[in-house]
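Before any comments, here is the structure.
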Amino acid sequence: MIDLVYIAILKANRLRPTTVRLAVLSVMSDYEEGTHFTIEKIFDDLISSGVRKSVGSIYRTLKEFEDSGIVIRHQFDSIGTVYESNTGPDHDHTVCVVCGKIKEFYKPEFDSLRKEVVSESKGRLIKHTQTLYVMCEDCL
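61 is the number that my numbering gives to position 35 of the sequence shown; each next residue is one higher, with no gaps.
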């Protein structure tokens, strides 16, 4: 039954339901909302679940998922590339420069400022990222 949900997600994004795509979606569905993950994490979790796929296959799959809006890719200075499911509300991030912990936050004031800047530029916002690099309370 759960495969039908994954198949529907893929078809809605004009992707064929291949075994690697279904396996990656299955692993991602086990993560808590707001979890940020790497290609290596997906690879390790697939291995743990008895599915053997190459890192290259996972990379290509996540690229397809990114292009179709299923996942969002972030490039954080201190920890590299991470992904997250594109299911939650709009948010920004803090990243600890010591331990790499990622926290999500939402501040309406940032939205207002973004809208003002876009309006002044007479353009249209396509994408935004807001990352604050911090030292978290555990690392202070």
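Each residue gets a CB set at the ideal place from its N, CA and C atoms; glycine is no exception.
Report yes if the C-beta distance between Val-46 and Ser-83 is below 9 Å; otherwise report no. As a first step, residue 46 is located in the sequence shown; it is residue number 20 there, counting from the start. As a first step, residue 83 is located in the sequence shown; it is residue number 57 there, counting from the start. Taking 9 Å as the cut-off, the Cβ atoms of Val-46 and Ser-83 count as close.
C-alpha gap between Pro-134 and Gly-76, whole angstroms: On the sequence shown, position 108 is the one that residue 134 refers to. On the sequence shown, position 50 is the one that residue 76 refers to. If you take the alpha carbons of Pro-134 and Gly-76, they lie about 43 Å apart.
Mind reading off the beta-carbon distance from Arg-99 to Thr-87? Whole number of angstroms is fine, and I expect it under 8 Å. As a first step, residue 99 is located in the sequence shown; it is residue number 73 there, counting from the start. As a first step, residue 87 is located in the sequence shown; it is residue number 61 there, counting from the start. Taking a contact as a CB-CB distance under 8 Å, the pair Arg-99 and Thr-87 does not count as one, their CB atoms being some 12 Å apart.
Any chance the stretch 152-165 sits against the stretch 112-123, with 3 or more Cβ pairs inside 8 Å? Yes, they touch.
What's the gap between the Cα of Ser-80 and the Cα of Ser-138? By one-based count along the sequence shown, residue 80 stands at place 54. By one-based count along the sequence shown, residue 138 stands at place 112. Take the alpha-carbon of Ser-80 and the one of Ser-138: they are about 43 Å apart.
Classify Gly-106 as helix, strand or coil using the three-state DSSP reduction. Here residue 106 refers to the residue found at position 80 when the sequence shown is read from its first residue. Under the three-state reduction of DSSP, Gly-106 is assigned to strand.
Taking only the alpha-carbon atoms, compute the straight-line gap between Val-124 and Glu-110 and give it to the nearest angstrom. Residue numbering aside, residue 124 sits at position 98 when the sequence shown is read from its first letter. Residue numbering aside, residue 110 sits at position 84 when the sequence shown is read from its first letter. Within the model, the alpha-carbon separation for Val-124 versus Glu-110 is close to 21 Å.
Curious, which full-length alpha helix (DSSP H) runs of at least 4 residues does the stretch 30-108 contain? As far as the stretch 30-108 is concerned, its whole alpha helix (DSSP H) runs of at least 4 residues are 45-55, 65-74 and 81-94.
Proximal residues to Pro-115 (C-beta, below 8 Å), its chain only, five neighbours per side dropped: Counting from one through the sequence shown, the residue named residue 115 turns up at place 89. Hits under 8 Å: Tyr-132.
Buried or exposed by the 16-neighbour rule on C-beta atoms within 10 Å, applied to Met-161: What you label residue 161 is simply residue 135 of the sequence shown in a count that begins at 1. By the neighbour-count rule (16 or more Cβ atoms within 10 Å), Met-161 is not buried but exposed.
Ser-94 and Arg-40 - do their beta-carbons sit closer together than 9 Å? Translated into the one-based positions of the sequence shown, residue 40 becomes position 14. Translated into the one-based positions of the sequence shown, residue 94 becomes position 68. Yes.
Label Val-31 either buried or exposed according to how many other C-beta atoms from any shown protein chain fall within 10 Å of its C-beta, with 16 as the threshold for buried. The residue you call residue 31 lines up with position 5 of the sequence shown. By the 10 Å Cβ count, Val-31 comes out exposed.
Residue-chain proximity (Lys-89, chain C), Cβ-Cβ < 9 Å: Included in the structure is just one protein chain, with no chain C present.
Using the three-state DSSP reduction, which class does Asp-137 fall into: helix, strand or coil? Here the question's residue 137 lines up with position 111 in the sequence shown. Helix at Asp-137.
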